[in-house]
Amino acid sequence: MLITMNVNGKKIDIDVEADEYLVDTLRRVGNLSVKRGCDTGCCGLCSVWIDKRPTLSCSTLSVRANNKNITTIEGLQEEASEFAEILVKEGAEQCGFCSPGFIITVIAMKRELENPSEEEIKHYLTGNLCRCTGYMGQLRAIKTYMGVK
């Protein structure tokens, strides 16, 4: 079936299968930062925004994105670069495999929450897994990025 999506500001008409997941559709049109990880909606690697809300694309059928605005990290380069620099300064960047999904979630959190507590930050990030870090460096980086003490 033919669907229309606005991906990172660009209108895309694409033929999808009824059971095709958004992660696969986005990768097919060149958004390779969107990764398939656990296939259970638990790791956050496939995170994108649908109408500015963080969404797990591995558990969202592409047909549900019809006539929606989809944002991947490719569409947030300036903000993503800013946060990535802070991650590096805090020693929180490791292999980078989880980074696109993690960073897009952090950017959404910054837009949604004002001066969040450490518990609110941890809750917002539930479902974003990183196998390289102990999360303390990432938490420091998030607080720095969000201006939280």
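For what it's worth, full-length UniProt numbering labels the leading residue of the sequence shown as 1, then goes sequentially. Idealized CB from N, CA, C, for every residue including glycine. Computed from a predicted structure; not experimentally measured.
For residue i, collect the residues of the same chain with a Cβ closer than 7 Å to its Cβ; drop the 5 residues on either side in sequence, then sort them by chain order.
{"i": "N67", "result": "T4"}
{"i": "V16", "result": "M1, I3, T25, S62 and V63"}
{"i": "I142", "result": "V106 and I121"}
When DSSP builds the beta bridges, which residues end up paired with residue i?
{"i": "T72", "result": "In the DSSP output, where bridge partners are listed per residue, T72 has none listed."}
{"i": "D15", "result": "L2"}
{"i": "I50", "result": "R53 and I70"}
{"i": "L61", "result": "Y21"}
{"i": "V7", "result": "K10 and I70"}
Between residue i and residue j, which are expected to be in contact by the criterion C-beta below 8 Å, what is the C-beta distance as a whole number of angstroms?
{"i": "G101", "j": "L45", "result": "5 Å"}
{"i": "N128", "j": "T72", "result": "Incorrect: roughly 15 Å between the Cβ atoms, too far for contact."}
{"i": "T105", "j": "L87", "result": "The Cβ separation is near 13 Å, so there is no contact."}
{"i": "K116", "j": "M136", "result": "The question names Lys, but residue 116 in the sequence shown is Pro. So it is not a contact: roughly 17 Å between Cβ atoms."}
When the Cα atoms are used, what is the spatial distance from residue i to residue j?
{"i": "T25", "j": "G91", "result": "34 Å"}
{"i": "I14", "j": "V63", "result": "10 Å"}
{"i": "A80", "j": "I107", "result": "8 Å"}
{"i": "D39", "j": "L22", "result": "12 Å"}
{"i": "I121", "j": "S99", "result": "17 Å"}
{"i": "M109", "j": "D19", "result": "30 Å"}
{"i": "G9", "j": "R28", "result": "17 Å"}
{"i": "N70", "j": "K149", "result": "Note on residue identity: the sequence assigns Ile, not Asn, to residue 70. Near 32 Å, if we compare the C-alpha coordinates of K149 and I70."}
{"i": "M1", "j": "I50", "result": "20 Å"}
{"i": "K52", "j": "G96", "result": "23 Å"}
{"i": "L76", "j": "H123", "result": "23 Å"}
{"i": "A65", "j": "K11", "result": "12 Å"}
{"i": "N6", "j": "E74", "result": "13 Å"}
{"i": "E119", "j": "R111", "result": "17 Å"}
{"i": "L113", "j": "T144", "result": "14 Å"}
{"i": "G37", "j": "K89", "result": "27 Å"}
Given residue i, which residues of its chain have a CB within under 6 Å of its CB, disregarding the five upstream and five downstream residues?
{"i": "E78", "result": "none"}
{"i": "P54", "result": "S47, T105 and A108"}
{"i": "T60", "result": "L22"}
Who are the Cβ neighbours of residue i in its own chain at under 8 Å, not counting the five residues just before and after it?
{"i": "S57", "result": "Y21, L22, V23, L26, V34, C46, S47 and V48"}
{"i": "A84", "result": "E93, S99 and I103"}
{"i": "C42", "result": "G127 and L129"}
* **Contained alpha helix (DSSP H) runs [length at least 4] in the segment 91-130, N- to C-terminal order** => Counting only runs of 4 or more, we get 99-112 and 118-124.
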